[in-house]
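Number of protein chains: 4
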Amino acid sequence: MPKISDERRAARRLQILEAAWRCFQRQGLHATTMDDIIREAGLSAGAVYSYFPGKEALILAAVTDSLGGIRDLVAPALATRPLPAPDVLAGRIMQAVADFSTREGYDLRRIALLGWSEAQRNEPLRQTMRDFYLPFRDALEAAAAQWQASGQLRPGSAAPDVARAILAAVLGYVVQSAVLGDVEPEEIARGIRALGAA
Amino acid sequence: MPKISDERRAARRLQILEAAWRCFQRQGLHATTMDDIIREAGLSAGAVYSYFPGKEALILAAVTDSLGGIRDLVAPALATRPLPAPDVLAGRIMQAVADFSTREGYDLRRIALLGWSEAQRNEPLRQTMRDFYLPFRDALEAAAAQWQASGQLRPGSAAPDVARAILAAVLGYVVQSAVLGDVEPEEIARGIRALGAA
Amino acid sequence: MPKISDERRAARRLQILEAAWRCFQRQGLHATTMDDIIREAGLSAGAVYSYFPGKEALILAAVTDSLGGIRDLVAPALATRPLPAPDVLAGRIMQAVADFSTREGYDLRRIALLGWSEAQRNEPLRQTMRDFYLPFRDALEAAAAQWQASGQLRPGSAAPDVARAILAAVLGYVVQSAVLGDVEPEEIARGIRALGAA
Amino acid sequence: MPKISDERRAARRLQILEAAWRCFQRQGLHATTMDDIIREAGLSAGAVYSYFPGKEALILAAVTDSLGGIRDLVAPALATRPLPAPDVLAGRIMQAVADFSTREGYDLRRIALLGWSEAQRNEPLRQTMRDFYLPFRDALEAAAAQWQASGQLRPGSAAPDVARAILAAVLGYVVQSAVLGDVEPEEIARGIRALGAA
DNA sequence: GATGAATGAGTCTTCATTCAT
DNA sequence: AATGAATGAAGACTCATTCAT
């Protein structure tokens, strides 16, 4: 039989990954069985296993790709020049995550929670996450340095602290939104702004 | 054996719950088998099942009790008078969580992540969390109202927004700490303070 | 502590046995747990085990006692003199079983089915049943001999065959009644009578 | 493995069902473990569970199929024309049951007892049995009407009563045979004949 | 390349029985 | 004598993965 084209292979891979996303988000990582994913993808067990060596790999790929998706969505906000004020930037990042989440069938916030949880005991996944969040925080730190230079931060403050605070706000927005469900990016942004006191 | 005293019963219950905590934190909620917990508790299967009707209940109890533990630790910070400035209060709350986590064998931050993840598809657990976080956020809102009254917030800001922002910072600290591991409460607090610009 | 009186012991035994009857009839032999019986009897596990060595013994005792109960109820019918005609006698026996079954909480027919089933793989129980049914059939055989002598049976017939046929009718009534539930002793009796053709 | 043919699927199903029959008959319904059946069938647990959703279904299928087997064996006796006399018909029906029972490894009489017992607390099974016995009794009633018409029953008798009496005899034969083991269809038939008195 | 039937180790849970108090 | 907490050996069922066709 003729080899399948690379293009077809990539499409198949994505088909499986999206099926996995839908299942993971619906039922969680562990409650999702390979059979669920196989059926959702409309393929055979053998087919799925020829694209991914196992469930672990599927989880890792699903999370990695999600993370990649966010990176692409968040990057523009970070690259905006002139750099928006801290509260505005944070708001835009959170909004990007929220927008990504409204995509048909994937609520990124839910997947993020599942991934964080899983990363506690899944070393490759943990590493993947570090590889995503650390550069992201570094980018925030660079932004903080600019704010500092332009006098938008309290004098004597440290860029790493600011980066950590803003990252916390973003991650915390995701948790709050997934668990309580009644928070908007704009509210958090306004709250941050409010803290910038008299 | 004759009827066991209420005190002994409670001690046994705690013995099992602590074993479950240790296991959950080590291996995650689903990767932990009842057998793991049973062995860790040093009891028999039947004994464990006579205190908890099943794994689900054990998960719920573990998370609920953890949450209760935090509440007790965090309450003093919220009750401090005069009320500390926003960044100081947030720092104290995060510090309380961090302190709780150093207790022998339970890292509360890890359990929190597991719980948030599980709450996505476990309705009783989700409700338990709402019952914990909502009043906590209300308390933050009350604090925000005081800050407003004393002119510590930017004029025209809304207390609910501030409460959401601070809750996000605290939750985000937990995520960042669990996933990246290189964040201290103090750093986030300083970062928040830094945002309170000129 | 003073020894319990024999009378009290017997009362306790009966209390347990009746609890077992009710449970067995409600849930079947195997679906009934010792705990069900213990709770139904309102005693402690230890108490029940001090009267019966185990579940097996409880089953055997429950069935044996049921059988004894029938024997006592059926005996008068067999002893009636002058001996009633075959269909009348069969009707009276079935009626006795039906009457016994209306006693509060024990439907003997149900217990009979459970016992027959269990006897397939429980040798002591099987033996107990043989010890009950064989003498009963012998008594029927004696009756048949009398019917023969008084010309109430077709000439040339054998008393053992008649005894087997009547026993079959009685047992079959129990089955039919338990499984289909719409049969009365009187109907079977009339049916037997109808067979005594021209 | 590619898709299995319907034929092979049916063969596998039967293989499992026959294994279950053998186990049930040997050890009873509840004392038979799924593991027993799995080993007897020479398959894996997963294979068995892919053909039957659980033990309950296996019990129901085993009994249902047994019942179907009898129906097929008994039907010819009921269809014989000219219709045999009541005692002869009853004898043939019982003989059909006895013949069925000598088949390698399945004693239908034992399975019948197990099924009756189980039907007490298993509603689907109970319904299956009603669906089998009721039409069978109806067929007997039709036969009784013919006997009546041809003057083979005592004048004034009712066909439903006769049907009930013959069904009782057949069921009772099964019980007597399973519990006491020393009864032949012919004996019961002769006994019934003997009751047709002078 | 693809299929999906089969595998079997592993999971949660139950329950008859015991025995320290 | 009585209690009822504790035991632990099963039991039913699941599911990631493989491989014959």
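Chains as they are written, first to last, in this note's numbering: chain A, 1 to 198; chain B, 199 to 396; chain C, 397 to 594; chain D, 595 to 792. Heads up, the beta-carbon is just placed ideally off N, CA and C, and yes, glycines get one too.
Since B/L258 meets chain A, which of its residues come closer than 9 Å, beta carbon to beta carbon? What B/L258 touches in chain A: nothing, since even the nearest Cβ is about 15 Å away.
Whole-angstrom distance between D/E780 and D/Q689, CA atom to CA atom: Here the C-alpha atom of D/Q689 lies approximately 8 Å from the C-alpha atom of D/E780.
Contact set between B/G226 and chain A, taken where Cβ atoms lie within less than 9 Å: Near B/G226 (Cβ distances below 9 Å), the residues of chain A are H30, S117, E118, Q120, R121 and N122.
Distance check for D/W741 and D/H624, CA to CA, integer angstroms please. Rounded to the nearest angstrom, the two C-alpha atoms are 43 Å apart.
Taking just the CA atoms, how far does C/A441 sit from B/E316? Near 39 Å, if we compare the C-alpha coordinates of C/A441 and B/E316.
Within the 8 Å Cβ cut-off, does D/V769 reach chain C? D/V769 counts as touching chain C.
To the nearest angstrom, report how far apart B/G394 and A/A165 are at their CA atoms. About 12 Å.
Which runs of the alpha helix (DSSP H) spanning at least 4 residues fall entirely within the stretch 490-538 of chain C, listed in chain order? Counting whole runs of 4 or more residues, the stretch 490-538 of chain C contains the alpha helix (DSSP H) stretches 504-515.
Residue from A/G54, A/D182 and A/G172 with nearest C-alpha to A/I192: Looking from the CA of A/I192, the closest CA among A/G54, A/D182 and A/G172 belongs to A/G172.
Give the range of the alpha helix (DSSP H) segment to which A/F24 is assigned. It spans D6 to Q27 - the alpha helix (DSSP H) in which A/F24 sits, taken as one unbroken run.
Helix, strand or coil: how does DSSP classify C/P581 here? DSSP places C/P581 within a helical segment (H, G or I) once states are collapsed to three.
Compute the beta-carbon to beta-carbon distance between A/I38 and A/V48, rounded to the nearest angstrom, for a pair I have assumed lies under 8 Å. The Cβ separation is near 5 Å, so the contact holds.
Going straight from the alpha carbon of D/A671 to that of C/E414, what length do you get? Between D/A671 and C/E414, the C-alpha separation is close to 45 Å.
Are C/R505 and C/V493 touching if we call contact CB-CB under 8 Å? Inclusion of C/R505 and C/V493 in the CB contact set at 8 Å is warranted, their separation being smaller than that value.
Any C-beta of chain D sitting closer than 8 Å to the C-beta of C/L509? Yes, C/L509 lies at the interface with chain D (some Cβ there is under 8 Å from its Cβ).
Opening and closing residue of the alpha helix (DSSP H) in which A/Q152 lies: Segment: none, A/Q152 is in no alpha helix (DSSP H) and carries neither H nor E.
What does a CB cutoff of less than 8 Å around A/A62 pick up in its chain, not counting 5 residues either side in sequence? Within the same chain, A/A62 has close Cβ partners L17, A20, W21, F24 and I111.
What residue does the alpha helix (DSSP H) around D/S626 start on, and which one ends it? Note that residue 626 of chain D is Thr in the sequence shown here, rather than Ser. It is not in any alpha helix (DSSP H) - D/T626 carries neither H nor E in the DSSP assignment.
Mind listing which residues of the stretch 467-478 of chain C have their C-beta closer than 7 Å to chain D's C-betas, in chain order? Per Cβ criterion, the list is empty.
For C/L567, the first and last residue of its enclosing alpha helix (DSSP H): Counting along the chain, the alpha helix (DSSP H) containing C/L567 begins and ends at A555 to V575.
Integer-rounded CB distance, given that D/A788 should sit under 8 Å from C/V579: In fact, because the Cβ distance is near 23 Å, the residues do not count as touching under 8 Å.
Comparing the C-beta of A/D161 with each C-beta of chain B, is any distance below 8 Å? At least one chain B Cβ lies under 8 Å of A/D161.
Contact with chain D by C/A590, beta-carbon distance below 8 Å: At a cut-off of 8 Å, the C-beta of C/A590 has a neighbouring C-beta in chain D.
Between B/M398 and A/L43, what straight-line distance do the alpha-carbon atoms span, to the nearest angstrom? Limits of chain B in this structure are 199 at one end and 396 at the other, which puts residue 398 of chain B out of reach.
D/K597 versus D/F730 - alpha carbon distance: Going by C-alpha positions, D/K597 is about 40 Å away from D/F730.
Apart from the five residues on each side of it in sequence, which residues of its chain come closer than 7 Å, Cβ to Cβ, to C/S573? For C/S573, where only same-chain residues beyond five positions count, the Cβ hits under 7 Å are R505 and V579.
CA nearest to the CA of C/W512, picked from D/A635, D/V773 and D/I782: Selected option, being the one with the closest Cα: D/V773.
Assign D/G685 to buried or exposed, taking buried as 16 or more other Cβ atoms, counted over all protein chains shown, within 10 Å of its Cβ. It is buried - the Cβ of D/G685 has at least 16 other Cβ atoms within 10 Å.
Where does A/A198 land, buried or exposed, given buried means 16+ other C-beta within 10 angstroms? Its pLDDT being 43, under 50, A/A198 is placed unreliably by the model, and the measurement read from it follows with that caveat. It is exposed - the Cβ of A/A198 has fewer than 16 other Cβ atoms within 10 Å.
Would a C-beta distance cut-off of 8 Å place C/L536 and C/L563 closer than the cut-off? Yes, the pair counts as a contact, with Cβ atoms nearer than the cut-off.
Count the other CB atoms, across all protein chains shown, that sit within 10 Å of the CB of B/A255; report buried if there are 16 or more and exposed otherwise. Under this definition B/A255 is an exposed residue.
Using the beta-carbon count (16 or more within 10 Å), is A/Q120 buried or exposed? With at least 16 other beta carbons inside 10 angstroms of its own, A/Q120 counts as buried.
Nearest-angstrom Cβ-Cβ length linking D/L747 and D/A738, presumed shorter than 8 Å: Going by Cβ atoms, the distance from D/L747 to D/A738 rounds to 7 Å, so yes, they are a contact pair.
Cutoff 8 Å: A/A198 Cβ touching any chain B Cβ: Note on A/A198: pLDDT 43, under 50, position unreliable in the model; no value is reported.
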